[in-house]
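As given, the protein sequences belong to chains A and B, one line each in that order.
Residues 11 to 246 (my numbering) make up the first sequence, in order.
Residues 11 to 246 (my numbering) make up the second sequence, in order.
Beta carbons are placed, not taken as given, at the ideal position from N, Cα and C, and that holds for glycine.
The structure presented is a predicted model; accordingly, all values stated were derived computationally and were not measured.
Number of protein chains: 2
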Amino acid sequence: MEPGRGDRAVVLLSGGIDSSTTLAVAVNDGFETYALSFDYGQRHRCELDAATSVAKLLGAKRHLVLAFDLTRIGGSALTAELEVPKDRTPGEIGAGVPVTYVPARNTIFLSFALAWAESLGAFDVFIGANAVDYSGYPDCRPEFIEAFEEMAALATRCGVGGHRVRIKAPLIDMSKAEIIRLGARLGVDYSLTRSCYDPTAEGLACGSCDSCLLRKKGFAESGIEDPTGYSNSRGP
Amino acid sequence: MEPGRGDRAVVLLSGGIDSSTTLAVAVNDGFETYALSFDYGQRHRCELDAATSVAKLLGAKRHLVLAFDLTRIGGSALTAELEVPKDRTPGEIGAGVPVTYVPARNTIFLSFALAWAESLGAFDVFIGANAVDYSGYPDCRPEFIEAFEEMAALATRCGVGGHRVRIKAPLIDMSKAEIIRLGARLGVDYSLTRSCYDPTAEGLACGSCDSCLLRKKGFAESGIEDPTGYSNSRGP
């Protein structure tokens with residue numbers, strides 16, 4: 011069954027480049043979109059304000075922020091008292107799983123998206139996972155996305171009824187520059203988005219964590235001006 | 011790699027018969043157990059006190075209660091303002107997915123268990139899923155458990171390292187009576203456990219929801235006395 015225009019889709023929205031672009035793709039595909047964000051104890055909570063702005067800009071039908079505390083589970087620099095690595099080289103980023111990996115995060119996020127999809131009668135879940143310009147997280151790879159979809163077909167009432175929820179990762183094979191060019195074409199205002207893992211108290215991007223470095227590289231290669239204010243590049 | 015005595019295991023613990031028995035099985039297998047419960051907006055929150063008592067009785071190393079609000083997602087009589095069905099016949103229970111099904115609940119629960127396992131360095135997750143005397147929930151079937159384990163191997167850092175987290179459902183093929191006899195042998199005090207979906211304000215079991223009916227039938231068939239106080243069977 012192919013989706014018709016106006017069908018519902020749940021879109022995971024962190025407020026960064028990838029998820030914001032993914033929301034724009036879902037809207038452009040004709041879906042009525044239900045954006046889902048998580049307040050999970052991340053150090054970079056300002057991404058939630060970004061998600062709210064992006065959901066509004068792109069016309070999401072609803073934006074739901076679910077809260078749970080992953081700091082109680084630990085195991086990551088994003089939620090525990092570990093240092094966020096800075097100024098790593100492109101060769102270091104993506105080689106091995108870094109300390110900013112949050113255990114099973116995308117599994118948890120997709121599980122809630124699946125639940126909401128089933129409750130809404132939606133058969134499409136979008137995630138901005140990307141396995142090109144990424145941090146080497148295992149749960150961003152296409153084989154993970156496919157395995158989640160297989161599992162989801164067995165997990166749900168709609169699966170039992172033969173309606174399979176599709177897990178769509180439209181950016182999975184794209185470079186960050188390609189993603190930025192696509193989003194710009196679809197009306198994403200990247201000045202609203204936030205990528206930094208370790209922002210200042212004022213919400214300024216650090217400019218040197220993996221996520222900032224991937225963002226900078228993506229803008230540089232896209233030919234589109236980076237609207238981000240970085241705390242480490244304020245000139246004299 | 012087979013687990014040795016003293017290895018860590020995460021055990022999902024709702025505080026009912028099946029999860030309490032599963033915790034006893036994990037302890038008996040020699041694991042250091044980490045019990046995980048969820049305060050998700052269920053009407054039967056008193057099960058959390060039961061879980062705490064059971065975790066203490068059986069010597070869980072830790073008992074973590076994570077909170078998130080599934081009422082915001084809806085779609086179930088257990089979290090939304092729908093009526094819990096009462097006095098259904100054994101033929102009705104298990105035929106089709108009932109309104110007490112919570113969308114993707116076991117997927118969500120197992121996702122958090124997987125995250126905690128990865129953070130703890132545990133390679134075993136126990137769940138009290140049962141597909142015999144059960145309510146017909148899709149996410150209690152063995153094919154779901156297997157699919158989740160497949161997905162988990164791709165989702166995690168330890169999976170990338172070749173260490174697969176096993177999802178163990180030791181009760182999956184047992185009748186409720188067999189489960190009760192097993193738990194009694196392993197030291198579970200079922201007077202501490204709670205099964206009812208729709209308890210009274212005082213925490214007394216209703217005696218007529220599917221979960222109470224399955225519990226009553228299980229005790230009757232086990233030959234072990236049911237220690238539960240039911241609100242609808244208090245004599246004159």
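Measuring only between beta-carbons, confirm whether R244 of chain A sits less than 9 Å from chain B.
Taking the first sequence and counting its residues from 1, one reaches residue 244 of chain A at position 234. For R244 of chain A, the pLDDT reaches just 48, beneath the cut-off of 50, and the residue's location in the model is therefore unreliable, leaving the point undetermined.
What do you get for E235 of chain A, buried or exposed, if any count of 16 or more other CB atoms within 10 angstroms of its CB means buried?
For the purposes of this step, residue 235 of chain A is identified with residue 225 of the first sequence, where counting begins at 1. Burial call: exposed.
Counting only Cβ pairs nearer than 9 Å, list the residues of chain A close to P180 of chain B.
The residue given as residue 180 of chain B occupies position 170 in the second sequence. Simply none; closest approach about 20 Å.
Would you please state the rounded distance, in angstroms, between the beta carbons of E42 of chain A and R18 of chain A? I believe it to be under 8 Å.
Here residue 42 of chain A refers to the residue found at position 32 of the first sequence. Here residue 18 of chain A refers to the residue found at position 8 of the first sequence. With 8 Å as the limit, E42 of chain A and R18 of chain A qualify as a contact, their Cβ atoms being about 5 Å apart.
Does Y207 of chain A have its Cβ less than 9 Å from a Cβ in chain B?
By 1-based counting over the first sequence, the position of residue 207 of chain A is 197. Not closer than 9 Å to any Cβ of chain B, the Cβ of Y207 of chain A fails to qualify, so no.
Just how far apart, CA to CA, sit R176 of chain A and A163 of chain A?
Counting from 1 along the first sequence, the entry for residue 176 of chain A is found at position 166. Counting from 1 along the first sequence, the entry for residue 163 of chain A is found at position 153. Cα-Cα distance, rounded: 9 Å.
Could you check what DSSP says for Y200 of chain A in three-state terms: helix, strand or coil?
Taking the first residue of the first sequence as position 1, residue 200 of chain A is located at position 190. Three-state DSSP puts Y200 of chain A in a helix.
How is the beta strand (DSSP E) around R18 of chain A delimited, first residue to last?
Position 8 of the first sequence holds residue 18 of chain A. Counting along the chain, the beta strand (DSSP E) containing R18 of chain A begins and ends at 18–22.
Out of A:T203, A:N38, A:P209, A:K227, state which residue places its alpha-carbon closest to the alpha-carbon of R53 of chain A.
Within the first sequence, residue 53 of chain A is the residue found at index 43, counting from 1. Here the closest residue by C-alpha is A:P209.
Identify which residue in B:N242, B:D143, B:S218 has its Cα closest to the Cα of E93 of chain B.
On the second sequence, residue 93 of chain B is found 83 positions in, with the first residue counted as 1. E93 of chain B has its Cα closest to that of B:S218, out of B:N242, B:D143, B:S218.
Would you call K66 of chain A buried or exposed, if buried means 16 or more other Cβ atoms sit within 10 Å of its Cβ?
Locating residue 66 of chain A in the first sequence gives position 56, where the first residue counts as 1. Flag for K66 of chain A reads exposed.
Determine, for M11 of chain A, whether the minimum Cβ-Cβ distance to residues of chain B falls below 9 Å.
Along the first sequence, read from residue 1 onward, the residue named residue 11 of chain A stands at position 1. Since pLDDT at M11 of chain A reaches only 44, below the 50 mark, its modelled position is unreliable, and no value is offered.
Are F136 of chain A and K178 of chain A close, meaning C-beta to C-beta below 9 Å?
If you number the first sequence from 1, residue 136 of chain A lands on position 126. If you number the first sequence from 1, residue 178 of chain A lands on position 168. K178 of chain A is positioned such that its CB atom lies closer than 9 Å to that of F136 of chain A.
Of all the CB atoms in chain B, is at least one closer than 9 Å to the CB of A163 of chain A?
For the purposes of this step, residue 163 of chain A is taken as the residue at position 153 of the first sequence. Yes, its Cβ sits closer than 9 Å to a Cβ of chain B.
So what does DSSP say about V142 of chain B, is it helix, strand or coil?
Your numbering for residue 142 of chain B matches position 132 in the second sequence. Note: V142 of chain B maps to coil in three-state DSSP.
Report the neighbours of I301 of chain B on chain A: residues whose CB is nearer than 9 Å to its CB, in chain order.
Absent from the structure is residue 301 of chain B, since the part of chain B shown begins at 11 and ends at 246.
Taking only runs of the beta strand (DSSP E) that begin and end inside the segment 45–100 of chain A, which ones reach a length of at least 3 residues, in chain order?
Here the runs fully enclosed are 72–77.
Taking Cβ positions, are A36 of chain A and S47 of chain A nearer each other than 9 Å?
Position 26 of the first sequence holds residue 36 of chain A. Position 37 of the first sequence holds residue 47 of chain A. Contact: no.
Give the interface partners of A114 of chain B over in chain A, defined as CB-CB distance under 7 Å, in chain order.
Counting from 1 along the second sequence, the entry for residue 114 of chain B is found at position 104. Result: S121, L124, A125, E128, A165, T166.
Give me the Cβ distance between L80 of chain A and V112 of chain A, rounded to the nearest whole Å; I'm assuming they're in contact under 8 Å.
Position 70 of the first sequence, counting from 1, holds the residue named residue 80 of chain A. Position 102 of the first sequence, counting from 1, holds the residue named residue 112 of chain A. L80 of chain A to V112 of chain A, Cβ: 6 Å. Contact.
Where does L23 of chain B land, buried or exposed, given buried means 16+ other C-beta within 10 angstroms?
Along the second sequence, read from residue 1 onward, the residue named residue 23 of chain B stands at position 13. Classification of L23 of chain B: buried, given that the 10 Å Cβ count is 16 or more.
In whole angstroms, what is the alpha-carbon distance linking G228 of chain A and D220 of chain A?
To locate residue 228 of chain A, count along the first sequence from 1; it is residue 218. To locate residue 220 of chain A, count along the first sequence from 1; it is residue 210. Cα to Cα, G228 of chain A sits roughly 12 Å from D220 of chain A.
Going straight from the alpha carbon of A125 of chain A to that of A165 of chain A, what length do you get?
Within the first sequence, residue 125 of chain A is the residue found at index 115, counting from 1. Within the first sequence, residue 165 of chain A is the residue found at index 155, counting from 1. Approximately 10 Å, taken between the alpha carbons.
Using only CA atoms, which one of A:S241, A:S185, A:P108, A:A70 lies nearest to A230 of chain A?
Taking the first sequence and counting its residues from 1, the one referred to as residue 230 of chain A is at position 220. It is A:S185 whose Cα lies nearest to the Cα of A230 of chain A.
Have a look at the DSSP bridge pairing and note the partners of R176 of chain A.
Position 166 of the first sequence, counting from 1, holds the residue named residue 176 of chain A. DSSP lists A:D134 as partners of R176 of chain A.
With the cut-off set at 9 Å, would you say S29 of chain B and V21 of chain B are in Cβ contact?
Taking the second sequence and counting its residues from 1, the one referred to as residue 29 of chain B is at position 19. Taking the second sequence and counting its residues from 1, the one referred to as residue 21 of chain B is at position 11. Yes, the Cβ-Cβ distance between S29 of chain B and V21 of chain B is below 9 Å.
Beta-carbon within less than 8 Å of L130 of chain A's beta-carbon, same chain only, minus the 5 sequence neighbours each way: which residues are those?
Translated into positions along the first sequence, residue 130 of chain A becomes position 120. The residues are R18, V20, Y44.
Relative to the alpha-carbon of P237 of chain A, which residue among A:D143, A:D134, A:Y200 has its alpha-carbon at the smallest distance?
If you number the first sequence from 1, residue 237 of chain A lands on position 227. Checking every option, the nearest Cα to that of P237 of chain A belongs to A:Y200.
Alpha carbon to alpha carbon, how far is S86 of chain A from F154 of chain B? Give it in angstroms, no decimals.
Within the second sequence, residue 154 of chain B is the residue found at index 144, counting from 1. Within the first sequence, residue 86 of chain A is the residue found at index 76, counting from 1. Rounded to the nearest angstrom, the two C-alpha atoms are 28 Å apart.
Taking 9 Å as the threshold (beta carbon to beta carbon), is R151 of chain B in contact with chain A?
Translated into the one-based positions of the second sequence, residue 151 of chain B becomes position 141. Closer than 9 Å to some Cβ of chain A, the Cβ of R151 of chain B qualifies, so yes.
Given L76 of chain B, which residues of its chain have a CB within under 8 Å of its CB, disregarding the five upstream and five downstream residues?
Walking along the second sequence from the start, residue 76 of chain B turns up at place 66. Around L76 of chain B: L46, S47, F48, D49, F122.
Determine, using beta carbons only, whether V142 of chain A and D183 of chain A come nearer to each other than 9 Å.
Position 132 of the first sequence, counted from the start, is the residue given in the question as residue 142 of chain A. Position 173 of the first sequence, counted from the start, is the residue given in the question as residue 183 of chain A. For V142 of chain A and D183 of chain A, yes; Cβs fall inside 9 Å.
Residues of chain B with a CB under 8 Å from the CB of D17 of chain A: which are they?
Residue 17 of chain A sits at position 7 when you count from the first residue of the first sequence. Below the 8 Å Cβ cutoff, chain B contributes no neighbours of D17 of chain A, its closest Cβ being approximately 17 Å away.
Which one of B:G101, B:R225, B:T203 has the shortest CA to CA distance from V64 of chain B?
Position 54 of the second sequence, counted from the first residue, corresponds to residue 64 of chain B. Comparing Cα positions, the closest option is B:T203.
Can you list the residues of chain A that G85 of chain B reaches, using a CB-CB cut of under 7 Å?
In the second sequence, counting from the first residue as 1, residue 85 of chain B sits at position 75. The answer, in chain order, is E128, S129.
Where does the unbroken alpha helix (DSSP H) through V37 of chain A begin, and where does it stop?
On the first sequence, position 27 is the one that residue 37 of chain A refers to. Here the alpha helix (DSSP H) through V37 of chain A covers 27–38.
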